[in-house]
Structures are given as structure tokens and as C-alpha cells.
Amino acid sequence: MSTTEKLSILKRKRTTLRAGITKLSTKLNDPNSTQADIEFNTERLQIKLNELTVTDDEIRDFLNDQEYSEDIIECEKYSENAHLQLFNSKKKANTSAAILSCSKIASSPTSDRIHYASQPNVTVKLPTVNTNTFYGEIEEFHNFGERFENCIDKNESLSQIDKHVFLRGYLDAEAKRLVDGISITADTYTMTKEI
């Protein structure tokens, strides 16, 4: 099989995966989704994103430098949006699960024993974080860095990827341009934070 044929097959696979991710995102945005639907579709979205990342890497093996640069930018935009959808879905699923478990405990008949809800990693919906967007001005960095660290970075219930998504969401102008080419992974979060 020629290189052109392999590249064509991989690009078709990527198109199919992206279509699947879009369909799952639409299902996850449906306000009538049940808790089970949200959890199931969130898991499927994670699997599709992992497959897409592998396929993107395989495609880049066949590209020249110019095509590689363009592909990275395109894939980053798509990947960032998909990871944000995944983050929001996980947050929604965890919030719904916490509310559901609390309502079950509250509605259960009383007995001689005390029942405690003990879920190890329950994520609750926190109030909106009031952190200003960082534009790259050195005078603003200390204030931004301190707020971001206290609200997001030290939050142990957030994964490295979630923290990375939050960080990118609070950057704009020159600060955003500096990190645009870096992929959103757990490994690159620390590096992005240091830039």
C-alpha cells in the first residue's frame, strides 16, 4: 500500500472519529439526558478522543513540515473543544451523582445506625471562580498566578488535563499565543504553567 493510500485511509478514519465525537457532544448537551446516559457517553467520548489522538499522530508521520504545522493547529483547536466538552460532562455527571446520593440518604428510613456518604472522589459544583484573564502583562502576573494557584492548581479533585483546560481558558493575547502550540495532556500542564 502506498503512502498516499495510507494517509487517505487515516484521514477518513479521523473524519469518522470526529463525526462520532460531535454526535457524542450533541448527546451530552441534551438536557433530557439521564445520569446513566451522561456517564456512558462521557466514557465513550474519552475513548474516541484517545483514538483520535493516536490517529492524528499517525497522520503527522506522513506530513511535510508545512503540512505538519497546519495540522497541529487544526487538531489543537478540535482537541481543545473536545476536552472541554469532556471536562464539562464529567463535572455534570459528578454533580448529578452527588445530588442523587444525597437525596437517597435523605429519603431513606431512619434506623439505629448512622449512614455516611463516603464516595472517595465526589466532585461538587463550586461557585464561579473569579479569576481575571491574563494577557501577558508582567504587572498582572502575581495577582493572576496567586488566584489561579489557590482556586485551580491546588484543587486535588481536578485532573492535570482539567487544570490545563482551565489555565488555557484564562489566558489571552500574548500569553495565549505562547501556549497555543502545546497539546493538552497531563504531561504538558506543568510545562505550560511555567511558560
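Here the sequence shown stands for residues 1146 to 1340, numbered as in this note's numbering. No residue lacks a Cβ here, since even glycine has one placed at the ideal position from N, Cα and C.
Exercise. Once you ignore the five residues that flank Ser-1170 on each side, which residues in its own chain have a CB closer than 6 Å to its CB?
Worked result: Result list for Ser-1170: Gln-1230, in chain order.
Problem set entry | Through-space distance from Ile-1329 to Cys-1220, alpha-carbon basis | Distance between the alpha carbons of Cys-1220 and Ile-1329 is about 11 Å.
For this session: Measure from the alpha carbon of Glu-1339 to the alpha carbon of each residue in Gly-1314, His-1309, Thr-1161 and Ala-1318, then state which is nearest.
Result: For the residues Gly-1314, His-1309, Thr-1161 and Ala-1318, the minimum Cα distance to Glu-1339 belongs to His-1309.
Exercise. What did DSSP end up calling Glu-1301 once you bin it into helix, strand or coil?
Worked result: Glu-1301 falls in the coil class under three-state DSSP.
Problem set entry | Residue span of the alpha helix (DSSP H) that contains Asp-1294, given as start and end | Checking the sequence, you will find Glu at residue 1294 rather than Asp. The continuous stretches of alpha helix (DSSP H) do not include Glu-1294, and DSSP gives it neither H nor E.
Exercise. Helix or strand or just coil, what does DSSP make of Met-1336?
Worked result: In the structure shown, Met-1336 sits in a helix (DSSP, three-state: H, G or I).
For this session: Spatial neighbours of Cys-1247 within its chain, please: CB distance less than 6 Å, with the 5 preceding and 5 following residues excluded, ordered by chain position.
Result: Because the pLDDT of Cys-1247 is 49, which lies under 50, any placement of that residue in the model is unreliable, and the number read from its coordinates should be weighed accordingly. So no residue of the chain qualifies.
Exercise. What is the rounded straight-line gap between the Cα of Lys-1321 and the Cα of Asp-1307?
Worked result: Straight-line Cα distance between these residues: approximately 17 Å.
Exercise. With respect to the alpha helix (DSSP H) encompassing Asn-1177, which residues constitute its N-terminal and C-terminal limits?
Worked result: Judged by DSSP secondary structure, Asn-1177 falls outside any alpha helix (DSSP H); it is assigned neither H nor E.
For this session: Report the rounded CA-to-CA distance for Ala-1262 versus Thr-1160, giving the unit in angstroms.
Result: Note on Ala-1262: pLDDT 47, under 50, position unreliable in the model; the coordinate value appears next. Those two C-alpha atoms are separated by around 43 Å.
Exercise. On the three-pair Cβ rule with 8 Å, is the region 1193-1202 touching the region 1149-1166?
Worked result: Segments in contact, yes.
Exercise. Is Phe-1185 helix, strand or coil when you go by DSSP?
Worked result: DSSP, reduced to helix, strand and coil, places Phe-1185 within a helical segment of the structure shown.
For this session: Can you give me the Cβ contacts of Arg-1258 inside the same chain, cut-off strictly under 8 Å, excluding the 5 residues immediately before and after it?
Result: Because Arg-1258 carries a pLDDT of 48, less than 50, the predicted location of this residue cannot be relied on, and the following value inherits that uncertainty. Cβ neighbours of Arg-1258 beyond the five flanking positions: none.
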